[in-house]
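Encoded as structure tokens, the structure appears first; notes follow it.
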Amino acid sequence: MVQEDLFKKIIAHCKEYGFIFQSSELYDGLSAVYDYGQNGAELKNNIKEYWWKAMTQMNEEVVGIDSAIFMHPTVWKASGHVDAFNDPLIDNKDSKKRYRADVLIEEYVEKITDKIKKEVEKARKRFGDQFDEQQFIETNQRVIDYRQKQKDIMAVFVAAMEAGDLERVRQLIVDLEIACPVSGSRNWTEVRQFNLMFDTKLGSVTEGANTIYLRPETAQGIFVNYLNVQKTGRMKLPFGIAQIGKAFRNEIVARQFIFRMREFEQMEMQYFVKPGDEMKWFETWKERRMKWHLALGINPQKYRWHAHDKLAHYANAAFDIEFEFPFGFKELEGIHSRTDFDLSQHEEFSGKKIRYFDNESGESFVPYVVETSIGLDRTFLTILSACYNEEKVGDDTRVVLNIPAPLAPVKVAVLPLVKKDGLPELAREILDELKFDMNCQYEEKDSIGKRYRRQDAIGTPFCITVDHQSVEDRTVTLRHRDSMEQERVPMDKIAQLVKTKVDMKTLLSKLV
Ligand code: GAP
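For the sequence shown, the residue numbers in this note's numbering are 1 to 512.
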């Protein structure tokens with residue numbers, strides 16, 4: 001399927017089956033803000049549970065907290081967000097459309113990657129089985145020139161951004177002859193920095209009220225609680241603090257569905273280590289996080305590492321895990337070595353000591369931090385992109401979400417074949433036993449075939465059909481979503497059979 005079509009289908013599917021709705025749709029919607037429906041909320045909660053348990057339950061030295069969205073405004077001054085959490089923006093004077101200057105340049109560089117791919121594919125056809133892709137990339141003059149051009153562009157861009165030279169960024173856009181996708185013109189304004197934080201007022205009287213921010217990352221709630229957790233939990237280095245929560249960014253280029261939202265959720269973990277140990281732990285967490293993704297059973301080719309060209313103001317090393325969404329490889333998770341930047345800044349701005357006393361060496365120091373930061377909504381989109389499938393079944397096509405069973409919104413659908421002869425009562429008996437352990441659905445409307453299709457479309461791994469034979473011998477049909485195989489199973493064996501497959505343990509056990 002063409003990837004663009006796939007993306008459109010996923011968006012439509014999310015709405016049709018109660019996964020995601022546009023926020024305030026009744027009033028024509030609010031851009032880049034979304035609501036999760038009945039199935040979306042379940043899937044989202046299951047992803048959270050997988051992450052939370054993988055972090056806290058599976059690592060003795062990692063604990064979880066839940067800090068407030070509103071924080072003292074000085075937190076954001078100390079963290080650098082007030083002064084440096086900006087996007088460089090440029091407007092096209094003809095279309096009046098606003099763009100992120102960095103995105104325009106990155107998309108230009110991405111187009112060169114497409115040209116390289118075309119050269120590779122042409123050569124692959126020409127050389128057949130003899131083709132050595134790596135050798136071709138390293139020796140073909142056209143590809144060498146393309147790659148050099150990419151490097152040169154990024155070098156100019158990174159240097160200009162680091163020097164705060166926005167005129168140079170604009171000149172780069174002009175030199176590359178980048179045109180506005182809407183008007184097609186190259187009539188650009190100057191580049192300006194735009195702070196991404198939303199602000200609001202705390203207090204009832206506007207004049208006396210303080211400006212406070214909606215947090216743009218959950219991490220600062222962890223940093224300001226470092227001492228509280230370390231002392232009350234008597235934590236020894238290295239240890240981690242994990243958190244799941246809402247974050248807010250006034251994204252200007254808010255596109256691609258739930259990929260870039262103005263209100264979203266992050267799952268972040270700060271791992272506090274001795275200075276000098278940070279690179280060792282950085283590598284360990286890179287490995288652990290990739291393992292977490294691969295345990296989902298999604299094609300490993302869809303993930304790749306990307307080293308940051310331009311490090312954030314707080315980092316001394318940073319890698320992204322990118323995922324191949326229907327619109328290309330994009331950032332899913334960041335793993336950052338944040339040095340002692342944040343804790344030192346909070347020491348300075350609060351005037352309070354934020355130290356760790358090492359009993360062994362008798363030294364006291366500000367710990368270094370390795371951070372793992374993943375978007376919950378982007379993980380949701382990853383799963384939908386990888387698990388949405390259309391399959392031919394006879395003359396029919398079925399849409400199925402092959403979601404890993406422990407994450408599926410509904411684990412089991414219990415379906416009486418007909419609405420009489422004691423079948424609904426028997427179906428309810430099964431449901432009443434299973435519902436303590438998992439989310440189940442009871443459905444008696446429409447033909448059994450239609451009901452199977454509806455459950456496939458929301459990713460239900462198991463359907464249990466109760467028929468007339470069930471009343472006689474207390475056996476039922478267990479239907480498996482992925483293979484569509486059906487087996488006859490005694491009713492008293494169902495719970496055990498299904499539980500082992502849908503338990504979060506099946507994912508978590510792959511992490512050890
Ligand atoms: N504490 C570090 C931090 O916030 P980030 O790279 O800005 O780093 C981390 O964000 C993750 O949060 C990203 O990898 C992405 O998955 C998610 N994220 C960031 N901005 C987002 C947005 N506007 N919409 C949805 N997810 C977003």
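All C-beta atoms, glycine included, are put in the ideal place defined by N, C-alpha and C. Computed from a predicted model, the values in this text were never measured in an experiment.
Counted within 10 angstroms of its Cβ, other Cβ atoms place residue i as buried (16 or more) or exposed
| i | result |
| --- | --- |
| residue 190 | exposed |
| residue 446 | exposed |
| residue 400 | buried |
| residue 412 | buried |
| residue 42 | buried |
| residue 200 | exposed |
| residue 259 | buried |
| residue 111 | exposed |
| residue 184 | exposed |
| residue 126 | exposed |
| residue 144 | exposed |
| residue 337 | buried |
| residue 334 | buried |
| residue 282 | buried |
| residue 36 | buried |
Own chain partners of residue i with C-beta closer than 8 Å, once the 5 adjacent residues on each side are dropped
| i | result |
| --- | --- |
| residue 49 | 504 |
| residue 481 | 400, 402, 455, 456, 459, 460, 461, 462, 463 |
| residue 389 | 399, 400, 401, 402 |
| residue 140 | 119, 123 |
| residue 225 | 65, 67, 241 |
| residue 471 | 421, 422, 423, 426 |
| residue 230 | 239, 272, 356 |
| residue 221 | 65, 67, 68, 71, 215, 243, 245 |
| residue 62 | 55, 56, 239, 240, 241, 242, 269, 271 |
| residue 499 | 437, 438 |
Check whether residue i and residue j have beta carbons under 8 Å apart
| i | j | result |
| --- | --- | --- |
| residue 275 | residue 249 | no |
| residue 285 | residue 410 | no |
| residue 86 | residue 166 | no |
| residue 247 | residue 270 | no |
| residue 3 | residue 326 | yes |
| residue 323 | residue 307 | no |
| residue 58 | residue 407 | no |
| residue 416 | residue 212 | no |
| residue 182 | residue 237 | no |
| residue 342 | residue 314 | yes |
| residue 150 | residue 109 | yes |
| residue 405 | residue 291 | no |
| residue 508 | residue 44 | no |
| residue 391 | residue 397 | yes |
| residue 180 | residue 316 | no |
| residue 116 | residue 147 | yes |
Chain-order list of residues whose beta-carbon lies under 6 Å from that of residue i (same chain, five-residue window excluded)
| i | result |
| --- | --- |
| residue 486 | 477, 479 |
| residue 14 | 20 |
| residue 523 | Residue 523 is absent from the structure shown; the chain starts at 1 and stops at 512. |
| residue 442 | 414, 431 |
| residue 40 | 19, 20 |
| residue 368 | 273, 275, 278, 339, 340 |
Endpoints, alpha helix (DSSP H) assigned at residue i
| i | result |
| --- | --- |
| residue 293 | 278 to 294 |
| residue 460 | Element bounds for residue 460: n/a, residue is neither H nor E. |
| residue 120 | 101 to 127 |
| residue 228 | 226 to 232 |
| residue 165 | Per DSSP, residue 165 belongs to no alpha helix (DSSP H) and is neither H nor E. |
| residue 130 | No alpha helix (DSSP H) contains residue 130, which DSSP labels as neither H nor E. |
| residue 516 | There is no way to answer for residue 516, as the model of the chain reaches only from 1 to 512. |
| residue 262 | Segment: none, residue 262 is in no alpha helix (DSSP H) and carries neither H nor E. |
| residue 428 | 423 to 434 |
| residue 82 | 81 to 84 |
| residue 50 | 38 to 52 |
| residue 385 | 376 to 387 |
| residue 486 | No alpha helix (DSSP H) contains residue 486, which is instead part of the beta strand (DSSP E) from 486 to 490. |
| residue 15 | 3 to 16 |
| residue 508 | 505 to 508 |
Segment limits, beta strand (DSSP E) that includes residue i
| i | result |
| --- | --- |
| residue 304 | 303 to 307 |
| residue 202 | 199 to 202 |
| residue 63 | 62 to 65 |
| residue 342 | No beta strand (DSSP E) holds residue 342; the alpha helix (DSSP H) holding it covers 341 to 350. |
| residue 358 | 356 to 358 |
Spatial neighbours of residue i in its chain, beta-carbon cut-off 7 Å, leaving aside the 5 residues before and after
| i | result |
| --- | --- |
| residue 488 | 475, 477 |
| residue 256 | 327 |
| residue 302 | 323, 324, 386 |
| residue 194 | 86, 87, 89, 252 |
| residue 433 | 495 |
| residue 297 | 404 |
| residue 263 | 33, 246, 248 |
Any C-beta of chain B under 8 Å from that of residue i
| i | result |
| --- | --- |
| residue 317 | Of the chains in the structure shown, none is chain B; there is only one protein chain. |
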